[in-house]
Amino acid sequence: MSTDHRSDLAAEVAGTPLIAMLTEPESPAVPAVTEELGKAGVRAVEITLTSPNALDAVRRSVVTGAALVGAGTVRDRETARRAVEAGAHYLLTPGVLPDVLDEAGSLGVPVVCGAFTTTEVMEAWRLGAALVKLFPARLGGPAYLASLTMAFGDIPLVPTGGITADDLADYFAAGAHAAALGRPLVGDALHGGNLADVRHRAADLLDRVRAARG
Numbered sequence: 009m010s011t012d013h014r015s016d017l018a019a020e021v022a023g024t025p026l027i028a029m030l031t032e033p034e035s036p037a038v039p040a041v042t043e044e045l046g047k048a049g050v051r052a053v054e055i056t057l058t059s060p061n062a063l064d065a066v067r068r069s070v071v072t073g074a075a076l077v078g079a080g081t082v083r084d085r086e087t088a089r090r091a092v093e094a095g096a097h098y099l100l101t102p103g104v105l106p107d108v109l110d111e112a113g114s115l116g117v118p119v120v121c122g123a124f125t126t127t128e129v130m131e132a133w134r135l136g137a138a139l140v141k142l143f144p145a146r147l148g149g150p151a152y153l154a155s156l157t158m159a160f161g162d163i164p165l166v167p168t169g170g171i172t173a174d175d176l177a178d179y180f181a182a183g184a185h186a187a188a189l190g191r192p193l194v195g196d197a198l199h200g201g202n203l204a205d206v207r208h209r210a211a212d213l214l215d216r217v218r219a220a221r222g
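In our numbering, each number is its position in the sequence shown, counted from 1, plus 8.
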């Protein structure tokens, strides 16, 4: 990415508008799944920092070179620094965390910042978020996202949390810039499942997104 990391990430994700959430960083299959997702056209992956060795999963996934690897659930400056040192291309937060956004700005990496209310969405954008993650999206559904996109057409919103293959198209019809999904994309691949299933799932979901976008 160039120095204009905020617009770069938004543009990259818009081109292949699914972010794969890998929420089990202890799985030895994380790098292989990341590589498979990249080959399948899902260019952005989130590895949640929810276990002691999660940053090792980030390191091992980054070296595949197949996708942009983000470190998720970043809640403080120190974790932000350590994630970037591990090679994370971008960070994701569960809510509006000014310290993390400030640290990321200093480090030159973009942030996908969690928010839910209108005030949080505006604050995340004001503080420099590259994308604003609507979380948990299931609470308001596509109708709530549609209201937000009507009010904030200039802010790229990424719903996440409870999105399924069946309602994915509804979120894009409501104006989603991208969407983040876990199991609907990766299936059982983190538990020894067939990696070919990742390709099939990605192809199906990307087709649904294209159809919704018209």
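The beta-carbon is built from N, C-alpha and C at its ideal position, and this holds for glycine as well.
Check: Check whether Val-77 and Ala-197 have beta carbons under 8 Å apart; Outcome: no
Check: Alpha helix (DSSP H) segments (min. 4 residues) lying fully within the segment 92-128; Outcome: 106-115
Check: Helix, strand or coil at Gly-201 according to DSSP, with G and I counted as helix; Outcome: coil
Check: The beta strand (DSSP E) enclosing Glu-54, as first and last residue numbers; Outcome: 52-56
Check: Backbone secondary structure at Val-71 - three-state DSSP; Outcome: coil
Check: Cβ-based neighbour list, Phe-143, same chain, cut-off 6 Å, excluding 5 preceding and 5 following; Outcome: Gly-122, Thr-168 and Gly-169
Check: Proximal residues to Ala-181 (C-beta, below 6 Å), its chain only, five neighbours per side dropped; Outcome: Ala-220
Check: Host beta strand (DSSP E) of Pro-144 (start-end); Outcome: Segment: none, Pro-144 is in no beta strand (DSSP E) and carries neither H nor E.
Check: Whether Gly-80 touches Glu-111 by CB criterion (8 Å); Outcome: no
Check: Cβ shell of Asp-205 (< 8 Å), same chain only, five flanking positions each side left out; Outcome: Gly-195, Asp-196 and Ala-197
Check: C-beta atoms of Asp-63 and Arg-89 nearer than 8 Å; Outcome: Checking the sequence shown, residue 63 turns out to be Leu, not Asp. In this structure, Arg-89 does not lie closer than 8 Å to Leu-63 by Cβ.
Check: Reduced DSSP category for Val-77 - H, G, I as helix; E, B as strand; rest coil; Outcome: strand
Check: Same chain, Cβ closer than 6 Å to Ala-94, five either side skipped, listed in chain order; Outcome: Leu-63, Val-66 and Arg-67
Check: Close beta carbons around Ala-159, own chain, < 8 Å, minus the five adjacent residues each side; Outcome: Thr-126
Check: Burial state of Gly-190 (16 or more Cβ within 10 Å); Outcome: buried
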